[in-house]
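Take a look at the structure below.
2 protein chains.
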Amino acid sequence: MTDSKYEKIYKNLKAQIENGKYPKGSFLPSENQLIVSYDCARNTVRRAIAMLNSDGYLLSQHGKGAQVIYEPHETQSLFSVGGIESLSEATVRNNKKLKTKVLSIEEITADDEISMMSGFNVGEKLICIKRLRYINNEPLINDYNLFLKSEVGEITKQIAASSVYDYLENELGMVITTSRRRVMAEHAREEDKKNLRLSKNCDFVLTVKGQVFDSKGIMFEYTESRHHPEKICFIQTAIRNK
Amino acid sequence: MTDSKYEKIYKNLKAQIENGKYPKGSFLPSENQLIVSYDCARNTVRRAIAMLNSDGYLLSQHGKGAQVIYEPHETQSLFSVGGIESLSEATVRNNKKLKTKVLSIEEITADDEISMMSGFNVGEKLICIKRLRYINNEPLINDYNLFLKSEVGEITKQIAASSVYDYLENELGMVITTSRRRVMAEHAREEDKKNLRLSKNCDFVLTVKGQVFDSKGIMFEYTESRHHPEKICFIQTAIRNK
DNA sequence: ACGCTTGACATGTTTAAACAAGTTGATTAT
DNA sequence: ATAATCAACTTGTTTAAACATGTCAAGCGT
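Chains as they are written, first to last, in our numbering: chain A, -11 to 230; chain B, -11 to 230.
Dropping the structure here:
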């Protein structure tokens, strides 16, 4: 579980950029200088730099250097799409307070309708969790999760109230790798209006539906998050990879 | 402009996966086999494989191999977030017919309000384009663009009706690199309802607002796309990078 | 028949080196 | 003074090799 060398360099540089040691517009030390500081080969430092490029932190320019283009997240409450980041991770990164209210946990068996919606096979045993997420004490996200029981075992109210991913990764040793998500705008349901306290003339939500896979390629989670549209949006930085 | 070796391998493998030569669930030939087929070093083929991983096409598993997890895009009309891909590029990739109706092109100067919204400085000369985009003959996207005149020069109705990016990259030789986008749900405006032919009880749109930068780090475009919420959603595949 | 070891093979990490190509500023020739 | 050239940087591409580590099935011993 120890970080590899390039991960250490990556995290170190990332932290320094976030701290403002390398402000927006400035250039990182050249690769040759970084090789000396970190005592490593060129490929190793290049790998860290490549990751920061795809994070939207750096813009490497041929012949010139790697320029910092990161800027701290703006005013409103928001978190980024573009990675698999749990809500608890995102809120910590943005210095927000996250509170979770578990509305219900029950064990169900996938029927036709659920199978169609989630992608699980009919007959599979699932754990169904409904949660309401508060950010800085405002109810902003209506969360609906289905977990494949054969993969994740029991999930207690305790776990659901903190971080399910923490539990899966650190307790169960699962490796979460890929996810496929769909982002859309939908009509608000009655429970959305009530739970998220939508204003009277707002009858829609910003929804993310997704399937999550572990390292064996098994889909073990279906997730549906319904966001308060006036208070949440998604940020995404992308680089063109030709 | 010629492709480098790893790009050729990347595109070749990608095409084969899309063609179904390597169906979902199957494994790619091992790195050592690919080295022979492509007559290259291990790092070169590894680079191509890494790109396909971050595209969500492959899932490399330590000790086992690289498994195909790509599946063709599903039923509804949709294109992916997570890259800088112009609409024309996305529709081609998904075998859709794109038609663009240019509603207006005018030259404006950024005032306070525009500056606040777009991020351009007050007083800068901008080209403002309003377009309606049809996919398979349905009006699905209300597009609003601001281009920095000093960077892009003149944009004719002709260009706006086909692909502005094509023009910028291939005619002007601009290099488009990073973009920062925000995805949100918003109230529909009157022009949205009319242009997109929203159903009566649907008064919201799925909006993407973004800023696009060139290789010098200059922001040269602000874009706002308002999508038909019942017919468009965004797909995103992500890998967890620890 | 069961569990264990082991060896072949897979991907992951790291180093090293060479060459290609873009950028920039100083030097040189006009 | 101006323009061309060059040298010293920068990042980009590619190869090669060594070692670490995960997977799996064949074969071994009990």
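Note that the Cβ used here is the ideal one computed from N, Cα and C, for glycine as well.
Just so it is clear, the structure is predicted and the values come from calculations on it, not from any experiment.
Excluding the 5 residues flanking B/Ser92 on each side, which residues of the same chain have their C-beta closer than 6 Å to its C-beta? Taking the second sequence and counting its residues from 1, one reaches residue 92 of chain B at position 104. These residues qualify, in order along the chain: Lys118.
A/Ile220: buried (16+ other C-beta within 10 angstroms of its C-beta) or exposed? As a position in the first sequence, residue 220 of chain A is number 232, starting the count at 1. Buried: at least 16 other Cβ atoms inside 10 Å.
Is there a Cβ of chain B sitting closer than 9 Å to that of A/Cys221, yes or no? Working through the first sequence from its first residue, we reach residue 221 of chain A at position 233. Any Cβ of chain B closer than 9 Å to the Cβ of A/Cys221 would place that residue at the interface, and such an atom is present.
Looking only at its own chain, which residues have a Cβ that is under 7 Å from the Cβ of B/Pro11, when we skip the five neighbours before and after it? Taking the first residue of the second sequence as 1, we reach residue 11 of chain B at position 23. Correct list, in chain order: Val56.
Closer than 9 Å at the beta carbon, the chain B residues around A/Phe108: On the first sequence, position 120 is the one that residue 108 of chain A refers to. None at all; the shortest Cβ gap to chain B is about 16 Å.
Contact defined as beta carbons within less than 8 Å: I believe A/Phe208 pairs with A/Val140. What is the distance between those atoms, to the nearest angstrom? In the first sequence, residue 208 of chain A corresponds to position 220, counting from 1. In the first sequence, residue 140 of chain A corresponds to position 152, counting from 1. With 8 Å as the limit, A/Phe208 and A/Val140 qualify as a contact, their Cβ atoms being about 6 Å apart.
Cβ distance (whole Å) where A/Val24 is taken to contact A/Ile(-3) below 8 Å: On the first sequence, position 36 is the one that residue 24 of chain A refers to. On the first sequence, position 9 is the one that residue -3 of chain A refers to. Incorrect: roughly 13 Å between the Cβ atoms, too far for contact.
Contacting residues, own chain, Cβ-Cβ under 6 Å from B/Tyr132 (five flanking each side not counted): Taking the second sequence and counting its residues from 1, the one referred to as residue 132 of chain B is at position 144. Closer than 6 Å at Cβ, skipping near neighbours: Lys118, Glu212.
Any idea what DSSP makes of B/Thr(-10), helix, strand or coil? By one-based count along the second sequence, residue -10 of chain B stands at place 2. Looking at B/Thr(-10) - three-state DSSP - the assignment turns out to be coil, as it is neither helix nor strand.
Within this structure, are the beta carbons of B/Arg170 and B/Val200 separated by less than 9 Å? Here residue 170 of chain B refers to the residue found at position 182 of the second sequence. Here residue 200 of chain B refers to the residue found at position 212 of the second sequence. Taking 9 Å as the Cβ cut-off, B/Arg170 and B/Val200 do not qualify as a contacting pair.
My output table needs one value for B/Arg34: the three-state DSSP class, helix, strand or coil. For the purposes of this step, residue 34 of chain B is taken as the residue at position 46 of the second sequence. Helix, per DSSP.
Own chain, CB closer than 8 Å to A/Lys2, minus 5 neighbours either side, in chain order: Taking the first residue of the first sequence as position 1, residue 2 of chain A is located at position 14. For A/Lys2, where only same-chain residues beyond five positions count, the Cβ hits under 8 Å are Leu40, Asp43, Tyr45.
In terms of residues, what are the limits of the alpha helix (DSSP H) holding B/Tyr26? Here residue 26 of chain B corresponds to residue number 38 of the second sequence, with the count starting at 1. Start and end: 19 to 26.
Tell me which residues share the same chain as B/His175 and place their Cβ nearer than 7 Å to its Cβ, disregarding the 5 neighbours each side in the sequence. Translated into positions along the second sequence, residue 175 of chain B becomes position 187. Here the set comprises Asp191, Phe192.
Just tell me which of B/Leu16, B/Gln49, B/Gly107 has its CA closest to the CA of A/Ile206. What you label residue 206 of chain A is simply residue 218 of the first sequence in a count that begins at 1. The residue with the shortest Cα to Cα distance from A/Ile206 is B/Gln49.
Any idea what DSSP makes of A/Ala257, helix, strand or coil? Beyond the ends of chain A as shown, which are -11 and 230, falls residue 257 of chain A; an answer cannot be given.
Does DSSP classify A/Ser151 as helix, strand or coil? Position 163 of the first sequence, counted from the start, is the residue given in the question as residue 151 of chain A. A/Ser151: coil per DSSP, three-state reduction.
For A/Glu178, would you say it is in contact with chain B, using Cβ-to-Cβ distances shorter than 9 Å as the test? Reading the first sequence from its first residue, position 190 is the one you call residue 178 of chain A. No - not a single Cβ of chain B is within 9 Å of the one on A/Glu178.
I'd like to know whether the C-beta of A/Met172 is nearer than 9 Å to at least one C-beta of chain B. Walking along the first sequence from the start, residue 172 of chain A turns up at place 184. Judged by the 9 Å Cβ criterion, A/Met172 is in contact with chain B.
Assuming B/Leu16 is part of the alpha helix (DSSP H), what are its boundary residues? In the second sequence, counting from the first residue as 1, residue 16 of chain B sits at position 28. Run containing B/Leu16: none; DSSP gives neither H nor E here.
Could you pull out every residue in the same chain whose Cβ sits closer than 6 Å to the Cβ of A/Ile129, ignoring the five residues on either side in sequence? Indexing the first sequence from 1 puts residue 129 of chain A at position 141. The answer, listed in chain order, is Arg121, Ser213, His215.
Three-state secondary structure assigned by DSSP to A/Leu184: Within the first sequence, the letter at position 196 stands for residue 184 of chain A. Looking at A/Leu184 - three-state DSSP - the assignment turns out to be helix.
Rounded to whole angstroms, what is the Cα-Cα separation between A/Ala148 and B/Ile223? Looking up residue 148 of chain A in the first sequence gives position 160. Looking up residue 223 of chain B in the second sequence gives position 235. If I take the Cα positions, the gap works out to 26 Å.
Assign A/Tyr45 to one of three DSSP states: helix, strand, or coil. Counted from its first residue, the first sequence places residue 45 of chain A at position 57. Coil, per DSSP.
Same chain, Cβ closer than 6 Å to A/Lys87, five either side skipped, listed in chain order: Within the first sequence, numbered from 1, the residue matching residue 87 of chain A stands at position 99. So the qualifying residues of the chain are Tyr122.
Residue range of the unbroken beta strand (DSSP E) whose run includes B/Asp131: The residue given as residue 131 of chain B occupies position 143 in the second sequence. Residues 126 to 136.
Taking only the alpha-carbon atoms, compute the straight-line gap between A/Arg35 and B/Cys116 and give it to the nearest angstrom. By one-based count along the first sequence, residue 35 of chain A stands at place 47. By one-based count along the second sequence, residue 116 of chain B stands at place 128. Looking at the two C-alpha atoms, the distance is approximately 40 Å.
Can you tell me whether B/Asp(-9) is buried or exposed, with buried defined as 16 or more other CB within 10 angstroms of its CB? Mapped onto the second sequence, residue -9 of chain B falls at position 3. Exposed, because fewer than 16 other Cβ atoms sit within 10 Å of the Cβ of B/Asp(-9).
In chain B, which residues lie less than 8 Å from A/Pro217 when you measure between Cβ atoms? Indexing the first sequence from 1 puts residue 217 of chain A at position 229. Here the neighbours are Met172, Ala173, Glu174, Phe192.
For A/Tyr122, which beta-bridge partners are listed by DSSP? Residue numbering aside, residue 122 of chain A sits at position 134 when the first sequence is read from its first letter. Answer by DSSP bridge pairing, in chain order: A/Lys87, A/Pro127.
Give the secondary structure of B/Val140 by DSSP, where H, G and I count as helix, E and B as strand, and everything else as coil. The sequence position of residue 140 of chain B within the second sequence is 152, counting from 1. Reduced to three states, the DSSP call for B/Val140 is helix.
A/Asp180 classed as buried or exposed, judged by whether at least 16 other C-beta atoms fall within 10 angstroms: Residue mapping note: residue 180 of chain A aligns to position 192 of the first sequence, counting from 1. A/Asp180 is buried by the Cβ-count criterion.
Alpha helix (DSSP H) containing B/Asp100: first to last residue? As a working note, residue 100 of chain B is residue 112 in the second sequence. Where B/Asp100 is concerned, the enclosing alpha helix (DSSP H) stretches over 100 to 106.
Just to confirm before moving on: does the CB-CB distance between B/Gly107 and B/Thr97 stay below 9 Å? Start at 1 with the first residue of the second sequence, and residue 107 of chain B comes out as number 119. Start at 1 with the first residue of the second sequence, and residue 97 of chain B comes out as number 109. For the pair B/Gly107 and B/Thr97, the CB atoms are not nearer than the 9 Å cut-off.
C-alpha gap between A/Gly53 and B/Asn31, whole angstroms: Walking along the first sequence from the start, residue 53 of chain A turns up at place 65. Walking along the second sequence from the start, residue 31 of chain B turns up at place 43. Going from the Cα of A/Gly53 to the Cα of B/Asn31 covers about 23 Å.
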